[in-house]
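Have a look at the structure below before the remarks.
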Amino acid sequence: MSNTSLPNGRQGQSYGQTISVSGGTSPYSYSVSGLPAGLSQSGSVISGTPTVQGTFSVVVRVTGQNGGYEEKTLSLTIDPPLYTALMTGHPQALTYTNPNPSIAGANVSLAVYLVSSSGVVWPTGTITATSGGWSCSGSLTQGAPAFRSLLEAACPALPVGTHSILVSYSGDSQHTPNSITISHTVVPAAPTIASISPPALTIGGGTFVITGTNLSTTTSVTIGGIAGTVTVNSDTQLTVATAGTTVGTKTVEVTTAGGTATGSLTFYTETVVTTVSTYTLAASGGTTVTLGGTGFVGITSVTVDGTAATSFSIDSVTSMSFVAPAGSGGSIIVRLVKEVVSGFTSQRNLSGFAYAAPLTWVTTSLPDATLGSAYSQSVSATGGIGAITYDATGILPVGLALSSSGTISWTPATTGTFSLDLTATAGVESTPTTLTLTVTANPPTLTGITPNNYASVNAPTTRSLIGTNLTGVTDVTLAGSSVSFTPVSNTQIDLTLPATAADGAATIEVTTPGGTATIPFYFYRPLTVSSISPSTLPASGGTVTITGTGFTGALGNVSSILVGAVNAGTATNITVVNDTTITATFPARAPEVGARVFLSKPASPSLMLLADGTVTYAAAPSVNPGLYAAEFSGNATLTGVDLDYVSNATLGGAPVFFTVPNSGQLQFTAPASGTHGLNTLTLTVPGGTINVDVYLYSVPVLSSATPAQGASTGGETITLAGSGFVGAYDLVVSIGGTDVTATVVSDTQATFVTPALIAGPYTVQLSKGITPSTSFCCSVQVAFSLFDPPALSVASLPDGQVGAAYSQTITATSGATPYAFAATGLPDGLSMSSAGTISGTPTEAGTFSVTLTVTDNNTLQDSLTLPLIIAKAGTSLSLDSSVNPAVLGSGVTFTATLAGGDGPTGEVSFFDGATLLGTGTLTGGVATLTTGALSTGTHEITAHYAGDANHAAATSPVLSQVIAPLSP
């Protein structure tokens, strides 16, 4: 044999090798042993597809026809199989372009993520992408997660259209080549608009130029939705013609194969002037010029001979006005400027305007005037535009007037030298001047004061002085102090006299350019009566105190008091204590309500002041004996004689409202709150008081009994709600005619304990006494029911187990059906239906205190607390190995599966005999442990679960794990 070795093969790939022989005698016979699985020998050929990998010793014997032979042991190595580099079919294997579609001219981003089927090595090599004459390639790099290689490349741009791209992997020493076809689309680039020139056109239309990018494929341009005529100049420029449209900013939309772009174009009305209100302008400025025409809206500036107009306004689409500035000369140009859009203006020039000559004064001085004599003088000016009018400004002498035609008319009321500020106006132009007027000045006299010569103190008042030669008055004083005055004529001055505290005579003095004059004036303090105490007297009269104001005066005090409008009596012992208090003895008088009382004192030499009050002469009233009671806030009536003379009433010391319908009755209203029971009603009468015993109470209201029913066995506390429970001399509660003890908690709440009675409907009645010796004021009642209560028929609860279905029905007797059952304290997983069945599958173990409650149809209840024991769930543990037998040093994963219960927690311990290999945490009932530390031989592997709060412990059967030695 010429073979000294056998070439390597690869697991999973076809293999073929011929044994070469020379010498000996043919034909030869062949025998081969030691081939790996998947290979066989036929004649001189070894062939097949090996299914295992490793190095094998192959014994080959060749025997010639004459019986001679040669035998060799040849080494044959079967390499591991080539792995697949997955381009798809795996969550981490991806091949794509991004973005897709892409924009024309932009690079194509290619991303390839290969995942090795080996799970132990990273694919290496290159990636090539092709489409027609387009290509892109790059080398793979290692990536994450493990054994994923990647290429992320920026590839050249593709032309517009949809392309099929073949993405190929070169393969490497451990991976076979692979490829995949993907689709990629390239769309045209979208257009942009950088500028539109000009930015505005008149409403008659015109052409404009659009500058931007990606414009060469333009198919249409619309202006405000109306198509224009387009000329494509280049990829960056268009020329567009548009017809006329309306005023305003319109959207310009360019449509290309790559999309649309928008801009704006403003259309405006050109300014046309058809009428001008005036072409003559005042030299000092201020002339308003009104223009008629079209296109005024949007004008932003107006200039006159290059100077900005003082102001301008757009009055309508056909009218505007402006105010010309100061200027001079002729041939003036007025320019109207309209800024259509920022940076773009339209203007209109108007000619033919001229400034007029300035306005000047002719009159430079005035002749003198005489005090009290009529005065008339004309003034004049020249120049300006149109008729000249005259006006006086500033402070003028009183009564002086200047007509618009320039005539000064006046009857001087004072002497002195005056400066007159005058203004001449022609159109919008005016010019001022100041002229001096001198008035040159018989002694005054005072003959009277109207309407009278007296007034009350402490109050300002007005009067008129009558006399002669009063023109030019410069001062008026009252008792030496100046007062406010108004000259009316040469014979009258109106005065405002200030509030004066002192009464008596005061001198008024008038000063004029001709001298002074005086006259007396009198002040008095007003006389008033505010009260007479007592206001009611017995028929015999008596001493009273009168309070008021003005009882004293500079010209005399109160000295006379009359009592009664008819058959008046005179008061005696009149003593004026001070200005506000008088004591006097009133005479006897027959009973009379509101007898008039009159006081008098002098106010001036010609005036007596009067004031009056009233006093009542009364008979002695009395109250009939009796028992009087009143509800809080309620009304009660007293009977008696002459009760109409009661002047005041208090109850318990507090004032109360009362009325007297007639002399035999007095009705009063009790307060809203106060002392329950006995109180004193005090009536004030002429000469003293009357005390009456009155019992105050509140009417009880019974609104509810809670609960409104109870057990016939009694012993339940019932709460009564309402009002008026407090303050009773006796509060009685009865149920079905049986009195029970009531406990008053508050004015709105009382309680009682039900007695044992036969089941049935009842009435709870509450009665309240309001006086110690009378029957109850009132009784109120509310419905109540007694029923036989239910009773639970259960002594204990059967035990349960976690994970095992549980059911137990609870029953009851007595009471009214249907029953409603409830339970508290049940373990998780169990619940109780209202029909009385406890059911479910417990999920926690332990001993639970369960309270059972039954409620019958009358809402009466019975409760019972019983223990419920729930045992832990039974479990079983199985154990599996990932590979058995396993080769020494290779990892073995043991999987323990726990059955039984629901959601067990904790750890599983893995043992090799008695030796702990490690622990694994239970997840979903499964725990695993991977180890490569087992020695060659057979190992007795077990798993043990210690249990948790709701699951019992378990140990798996023994698993015999074989560890084989490494192959030589």
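Those letters in the sequence shown? Residues 1 to 968, per full-length UniProt numbering, in order. Glycine included, C-beta positions come from ideal geometry on N, C-alpha and C.
Counterpart residues of residue i in DSSP-defined beta bridges
i: Asn-349; result: Arg-335
i: His-944; result: Ser-909 and Thr-955
i: Asp-235; result: Looking at the DSSP assignment, Asp-235 forms no beta bridge with any residue, so it has no partner.
i: Met-608; result: Pro-602
i: Ile-838; result: Gln-808 and Met-832
i: Lys-250; result: Leu-265
i: Asp-391; result: Thr-423
i: Ile-546; result: Ile-532 and Ile-582
i: Asp-862; result: Val-854
i: Ala-750; result: Leu-720 and Val-744
i: Arg-525; result: DSSP lists no partner for Arg-525.
Residue burial classification, residue i (beta-carbon count within 10 angstroms, cutoff 16)
i: Pro-99; result: exposed
i: Asn-624; result: exposed
i: Glu-429; result: buried
i: Asn-679; result: buried
i: Tyr-69; result: exposed
i: Ala-657; result: Note that residue 657 corresponds to Phe in the displayed sequence, not to Ala. Exposed, by the Cβ-count rule.
i: Asp-739; result: exposed
i: Asp-948; result: buried
i: Ala-705; result: buried
i: residue 969; result: Missing from the structure shown is residue 969; the chain here goes from 1 to 968 and no further.
i: Asp-172; result: buried
i: Thr-512; result: buried
i: Gln-11; result: buried
i: Gly-244; result: exposed
Cβ pair residue i, residue j closer than 8 Å
i: Ser-540; j: Ala-595; result: no
i: His-944; j: Gly-901; result: no
i: Gly-840; j: Tyr-819; result: no
i: Leu-786; j: Gly-715; result: no
i: Asp-503; j: Phe-523; result: yes
i: Leu-371; j: Thr-415; result: yes
i: Ala-791; j: Ser-814; result: yes
i: Ala-670; j: Phe-725; result: no
i: Leu-446; j: Gly-467; result: yes
i: Gln-961; j: Val-892; result: yes
i: Leu-158; j: Gly-138; result: no
i: Thr-771; j: Leu-627; result: yes
Residues of its chain near residue i, where Cβ-Cβ distance is below 6 Å and the 5 sequence neighbours each way are ignored
i: Val-794; result: Ile-810
i: Asp-391; result: Thr-423
i: Gln-41; result: Val-32
i: Asp-880; result: Thr-895
i: Gly-737; result: none
7 Å Cβ shell around residue i - same chain, five flanking residues per side excluded
i: Ser-849; result: Gly-825, Thr-865 and Pro-867
i: Ser-284; result: Ala-326, Pro-358 and Glu-429
i: Val-289; result: Val-276, Ser-277, Thr-278, Ser-321, Phe-322 and Ala-324
i: Thr-741; result: Phe-752
i: Phe-208; result: Ile-196, Ser-197, Pro-198, Leu-201, Val-240 and Leu-265
i: Ile-385; result: Thr-280, Ala-282, Ala-356, Ala-426, Gly-427 and Glu-429
Run of the beta strand (DSSP E) containing residue i, from where it starts to where it stops
i: Pro-661; result: 657-662
i: Val-276; result: 272-276
i: Ile-127; result: 126-131
i: His-163; result: 161-169
i: Leu-435; result: 429-440
i: Ser-75; result: 69-79
i: Tyr-30; result: 29-33
i: Thr-675; result: It is not in any beta strand (DSSP E) - Thr-675 carries neither H nor E in the DSSP assignment.
i: His-184; result: 178-187
i: Gly-918; result: 915-921
i: Ala-261; result: 259-268
i: Lys-768; result: 760-769
i: Arg-61; result: 54-63
Sequence-distant residues of its chain with Cβ nearer than 8 Å to residue i (five each side left out)
i: residue 987; result: Residue coverage of the chain in this structure runs from 1 to 968, which leaves residue 987 outside it and unanswerable.
i: Leu-610; result: Leu-527, Phe-598, Leu-599 and Ser-600
i: Val-167; result: Met-87, Thr-95, Leu-110, Val-112, Ile-127, Thr-128, Ala-129, Ser-179, Ile-180, Thr-181 and Ile-182
i: residue 1031; result: This structure cannot speak to residue 1031, because the chain is shown only from 1 to 968.
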